[in-house]
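Chains as they are written, first to last, in the numbering used here: chain A, 331 to 781; chain B, 853 to 1007; chain C, 158 to 314.
Built from N, CA and C at the ideal position, the CB exists for glycine as well.
Keep in mind the model is a prediction, meaning the values are calculated, not measured.
Heads up, the thing below is written out as C-alpha cells.
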Amino acid sequence: MSDETNDPQTEVVDLWVAGSEEPQFQPTDEGAQEISAGETPDRLDAQFGRVIDDDYLFDDDVAEDERVIVNMGPQHPSTHGVLRLEIEIEGEVIRRTKPIVGYLHTGMEKTAEQLTFGQGPTNVTRMDYLAPFHGELAYSLAVEKLLDIEVPPRAAAIRVLMTELNRVTSHLVALATNGMDIGALSMMIYGFRERESILAFFEKTTGLRMNHNYIRPGGVVADLPPGWKDDVGGILKDFPRRLDQYDDLLKENPIWLSRTRDVGVISSEEAIAFSITGPALRAAGVDWDLRKAFPYSGIENYEFEVPLGENGDVYDRYRVRIDEMWESLKIVEQVMDAMPKGDYRVADRKITPPPRARIDESMEALIHHFKLFTEGFKVPPGETYVAVESPRGELGCYLVSDGEATPYRMHTRAPSFFNLQALPMAMADSLMADTVATIASMDPVMGDVDR
Amino acid sequence: MATTPPGNLLMTTVERAANWSRTRSMWPATFGLACCAIEMMAAGAAHYDLARFGMEVFRASPRQADLMIVAGRVSQKMAPVLRQVYDQMPDPKWVISMGACASSGGMFNNYALVQGVDQIVPVDIYVPGCPPGPQSLMHGILTLHDKIMAGEIKR
Amino acid sequence: MIPVFETLSGQFDQVVWEQSHGQDVARVPADDWYAFAEAAKGHGFEVCADVTAVDWMRQRPDRFEVVANLLSMSLGARLRMSTSVGRDEPTVASLTPLWPGAGFAEREVFDMFGINFEEHPDLTRILMPDDWVGHPLRKDFGVGSVPVQFKASHQVD
C-alpha cells in the first residue's frame, strides 16, 4: 500500500464517511478565544480528535516477523460449510491465504462405481446440494450420450423448467447467506422465505424438497402434477415484487455499497487463468454461458439474456445473481407457455421402467422392471464429458463406461472446486473483514468441492 | 405431563424447574456440514420458525451453546474437529444427529465417512431423512425437549 | 476437425486424434504432454476446464490415463487430451505453469491416484487427511464399506 497517502486525516474521513456528500466539520473562529502560545495547529488537531493512531491503518513499516497466522474454520458460521482458511495477516491486512478443503469428502466418485447408471443420480444430486437438478442433468446427459438416445421434447422442457427454478433457489440461498455474512440479516429471512414456495412445487413434483433424484437417464421420473401451471404461475406472479424488495434493501444501501464495491476483485484475465466459470466469471465481464455456447436440453428454444458485470467485485457478483434470477423467471414463463405434450421419458423399455400398472398385466413389463432395478441397464463402452451451466459455473460429468451396468469411472468437474482457487488472489492485500464478503460472493458449496 | 420420580418433593420441583428452563432456550451450535445444513437453516428461517422454541440464535462459539445438531455427513478428516467442538461445549449438552449420513453413514457406506456420528459423540436424538424436512427436525427437537422434561436424560 | 486441430495435428505427428460421441480427443504420448498443451493454449484454448485420471488396472499396458479437458471460449470448442502413464512411479508434467486453475485438480489426482505431477507448486493431499495411507480411487483400494448393524434403540413416538 505504498501509494496510499499516509495522512491519517484523509484516511479516517475516507473510511468513515464513505461517499457521503455532507460537508466535513470545519472549525470557525466564531467566539474563539485567542490561541495561546502553546497551541500549535497540530495540538489543536489532536484536541479536536482529528488525529487517530489506530494500528489498522495501512503502514509499510510493519516488520516481516509480525505476521500472524489465523485459522478460520472448518467450523465457522461464515465459511459456507466446512472450508478452512489459514490466513497470514499483518495487522489487519491479509497477505497470504491457504484454503484447506476435504472436510466433507464423501468418496462419491468411488460410490458411483458401485451404483448402477439408474442409481447414479441419487449420488450426483448430493454433490452440489444447492443445485441438485443440475448435477442430475449433467449425469443423465452424459449417460444418454453414451447410450446415443434423445429424450422426448416434453422431457427436455421439464428439465429446463426444473433447472431454471433450481437456479432461482440456489441464487436465493447465495444472496441470503451473502447478506447475512455482511450484516443484512433480513436478507437471510427473505431468501429462505421465497424458497419455500418453489420448494413446495418441487415437493409436489418430485417428492422431495432437496436432492430430488428426478432427472434420470431417459427423461424424468414422473410427469408434472396436474395443476402445475397454477403453481408455477403463482410463483411467477409473486417473485417480481419480492425481487424488488431485495433491491430496495440492498441496491443503493450505502453500507452495502461500501462493503461490496471494489472488494474481492477478480479481473477477467485472472478468472480465465483460474478456470473460474459462472457468475464470478460473468461479473468480471467475460460473456461466457454454457447455455448459449453449448446449448443442451432444448434451452436454445427460449429467449434470455446473459447478465454481465464490469469490475469483478462482490457487488458485481451480487448484481449478476439478481439479474440471472430475473432471466431464469423469464425462461420459466416461456417454458410454461410452450410446454410440449408427449412422453416424459424415452419409450425404450430397456432403459426406462414400465408404468407400475403394466406390471400386473404383462410378464415382459415385470421382467423389465426387475432387471432394471436389480441389475440396471448396460451402457456400451465409451467415454464422454458433458457440462451444464449450474448456478456456480460449469458443472461437468466425465463418464467412462466399459460395457457394464455400473460406470467404470465417474468424475464430476465441480465449479466450486475451481472457483475456490481464486480466493487467495482475491483476498490478498485486503482487510480481514472483507474475507467474509469475498467468500460469500464466490458462493462455494463444499459438497461440490469435496465430493 | 411427565411423571415425576418418587423422592424428596422439594428437590423434584427444583429439578423440574431446571429441566423446564433448559428446554425453553436451548441454543444450538452451528454445525451444519452438508445438505442437511440447508434444511436446518430453513427450519430457522421464517416459514418453519425455530425462534418460537427460543432457538433461533445459532451460536458460533461452542462455549455458548447447549445443543449440537450434527447436520450432514461427517468425513474422516472432520471427525476430530467434531469431537473437539463437542468437548468445548459446557455441560449440560445434547446432540441431535440430523439426517441419514449423521445417524448411520447414510447412502455412503465407504472409506471416507464415519458411519454414524455416534461413533464419536453420544447422541440423544436421531432424526432420519435425506434430508429431513424442517418439520422432522422440529419433531426431533420437541422430542428432545420431552425427554429432558421427563427426566430421562439426567445431566 | 476444425482448423486449429488440423494445425495441432500437423505440429505433433505422434498424437492420435479420435472422435468420441461428437467430441475431439487427442491421445498424446506422455513426453509431449506439456508441449502439446502449450501449443493448444497458444492456438486459443484459454481455459483448462478439468484434469482427471482413470485407473485401467490390467485392461491396458499403461495403468493410468490422465485426461485434461480444454475449453476455448474464442473458438467455442472443447478439446480432450489424454495420456497414459505406467503403474510404477507414475509421473506426468504439470499443467499449472500454463493454467493455474489446474492446480487443485492435479492435487486431487495425486491424492486419489498417486500420480506425480512435475513442477507442481504444492503437490499434497487435498481431500483426504494428510496422514492417510493409500490412494482411494485406485481399483485395488476397496470401497471400505462397513457391514450394517442395527443398533438397539427403543421406540419414541
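### Query
How would you call C:P186, buried or exposed, if buried means at least 16 neighbouring beta carbons within 10 angstroms?
Label assigned to C:P186: exposed.
### Query
Sorted by chain position, which residues of the same chain lie with C-beta nearer than 6 Å to C:V182's C-beta, five sequence neighbours on each side aside?
Closer than 6 Å at the Cβ level, and outside the excluded window around C:V182, lie E175 and R237.
### Query
B:G924: buried (16+ other C-beta within 10 angstroms of its C-beta) or exposed?
Buried.
### Message
Out of A:H435, A:V709, A:P482 and A:T427, which one is the CA nearest neighbour of A:K671?
### Response
Comparing Cα positions, the closest option is A:P482.
#### Entry: Beta-carbon separation (whole angstroms), A:A603 vs C:P257, contact threshold 8 Å
The Cβ separation is near 5 Å, so the contact holds.
### Query
Where C:D287 and A:V431 are concerned, what is the direct C-alpha to C-alpha distance, given to the nearest angstrom?
A:V431 has its alpha-carbon roughly 11 Å from the corresponding atom of C:D287.
### Message
Considering only the alpha carbon of each residue, which of A:Q575, A:S731, A:F703 and A:A472 lies closest to A:V709?
### Response
A:V709 has its Cα closest to that of A:S731, out of A:Q575, A:S731, A:F703 and A:A472.
#### Entry: Residues in the segment 420 to 436 of chain A having any Cβ partner in chain C nearer than 7 Å
The residues in question are V431, G432 and H435.
### Task
Could you pull out every residue in the same chain whose Cβ sits closer than 8 Å to the Cβ of A:D646, ignoring the five residues on either side in sequence?
Short of 8 Å from the beta carbon of A:D646, and not among the five residues preceding or following it, lie these beta carbons of its own chain, in chain order: A613, A614, G639 and E640.
### Message
Between which residues of its own chain and B:T995 is the CB-CB distance below 7 Å, once the five residues before and five after are set aside?
### Response
Once the five neighbours on either side are set aside, the close Cβ partners of B:T995 are I977.
### Task
Kindly give me the distance between the Cβ atoms of A:N508 and A:A461, rounded to whole angstroms, as I take these residues to be in contact under 8 Å.
That pair is no contact at about 16 Å.
### Task
Could you check which residue in A:D577, A:L434 and A:H435 has the C-alpha nearest to that of A:S516?
Residue A:D577 holds the alpha-carbon nearest to the alpha-carbon of A:S516 among A:D577, A:L434 and A:H435.
### Task
Examine the Cβ distances between the segment 652 to 665 of chain A and the segment 623 to 634 of chain A and report whether three or more of them are shorter than 8 Å.
Taking a cut-off of 8 Å on C-beta distances, the segment 652 to 665 of chain A touches the segment 623 to 634 of chain A, as three or more cross pairs fall below it.
#### Entry: Amino acids of chain A, ordered along the chain, whose beta-carbon sits closer than 8 Å to that of B:F960
Ordered by position in chain A, the residues that pass the 8 Å Cβ test against B:F960 are T436, G437, M438 and T441.
### Query
Using DSSP with H/G/I as helix, E/B as strand and the rest coil, what is B:C888?
Looking at B:C888 - three-state DSSP - the assignment turns out to be helix.
### Query
So which residues of chain B does A:Y459 contact, with C-beta pairs closer than 7 Å?
Under the 7 Å cutoff, chain B gives A886, C887 and I890.
### Nearest-angstrom Cα separation, counted from A:R523 out to C:W213
Cα-Cα distance, rounded: 48 Å.
### Message
With a threshold of 6 Å on Cβ separation, who are the neighbours of C:M285 within its own chain once the five nearest residues in sequence on each side are excluded?
### Response
Hits under 6 Å: D268.
#### Entry: Distance CB(B:G1009)-CB(B:A886) smaller than 9 Å
A query on residue 1009 of chain B cannot be resolved here, the shown segment of chain B reaching from 853 to 1007 and no further.
### Message
Please report the straight-line C-alpha distance between A:V503 and A:Y648, rounded to a whole angstrom.
### Response
Approximately 12 Å, taken between the alpha carbons.
#### Entry: Where the segment 697 to 716 of chain A meets chain E: residues whose CB sits under 8 Å from a CB there
Of the protein chains in this structure, namely A, B and C, none is chain E.
### Query
Which first and last residues belong to the alpha helix (DSSP H) in which B:T995 is found?
For B:T995, the uninterrupted alpha helix (DSSP H) segment begins and ends at P986 to M1001.
### Message
Tell me the DSSP secondary structure of B:K945 in three-state form.
### Response
Of the three classes helix, strand and coil, the one that applies to B:K945 here is coil, per DSSP.
### Query
Looking at the unbroken alpha helix (DSSP H) that takes in A:A442, where does it start and where does it end?
In the DSSP annotation of this structure, the continuous segment of the alpha helix (DSSP H) that includes A:A442 starts and ends at M438 to A442.
### Partners in chain A for B:P983, counting only beta-carbon separations shorter than 7 Å
For the C-beta of B:P983, the chain A residues within less than 7 Å are, from N- to C-terminus, M540 and N541.
### Message
Run through the DSSP bridge pairs and tell me what C:W174 is partnered with.
### Response
Answer by DSSP bridge pairing, in chain order: C:A183.
### Query
Using 9 Å as the limit for Cβ to Cβ distance, is C:P247 near chain B?
False, the Cβ-Cβ gap to chain B never drops below 9 Å.
### Query
In whole angstroms, what is the alpha-carbon distance linking A:R686 and A:Y469?
Answer to the nearest angstrom: the Cα atoms are 25 Å apart.
### Query
Whose Cβ in chain A lies nearer than 7 Å to the Cβ of C:W256?
Result: A603 and S605.
### Task
Count the other CB atoms, across all protein chains shown, that sit within 10 Å of the CB of B:E1004; report buried if there are 16 or more and exposed otherwise.
Burial check for B:E1004: the Cβ neighbour count within 10 Å stays below 16, so the residue is exposed.
### Task
Taking A:E713 as part of the beta strand (DSSP E), name the residues at either end of that continuous run.
A:E713 -> beta strand (DSSP E) spans G712 to S720.
### When B:Y938, B:Q928 and B:C953 are compared against C:W289, the one with the closest alpha-carbon
Of the listed residues, the one whose Cα sits closest to C:W289 is B:Q928.
### Message
With the cut-off set at 9 Å, would you say A:S720 and A:D458 are in Cβ contact?
### Response
With respect to A:D458, A:S720 sits close: the two C-beta atoms are nearer than 9 Å.
### Task
Drop a sphere of 10 angstroms on the beta-carbon of A:V650, count the other beta-carbons inside from all chains shown, and report buried for 16 or more, exposed for fewer.
A:V650 comes out buried.
### Task
Using a Cβ cut-off of 9 Å (strictly closer), state whether C:G271 contacts chain B.
It does not: the Cβ of C:G271 has no partner Cβ on chain B nearer than 9 Å.
### Task
Starting from the beta carbon of C:A206, find every residue of chain A whose beta carbon is closer than 7 Å, and list them in chain order.
From the beta-carbon of C:A206, the residues of chain A found nearer than 7 Å are S605, E724, G726 and R743.
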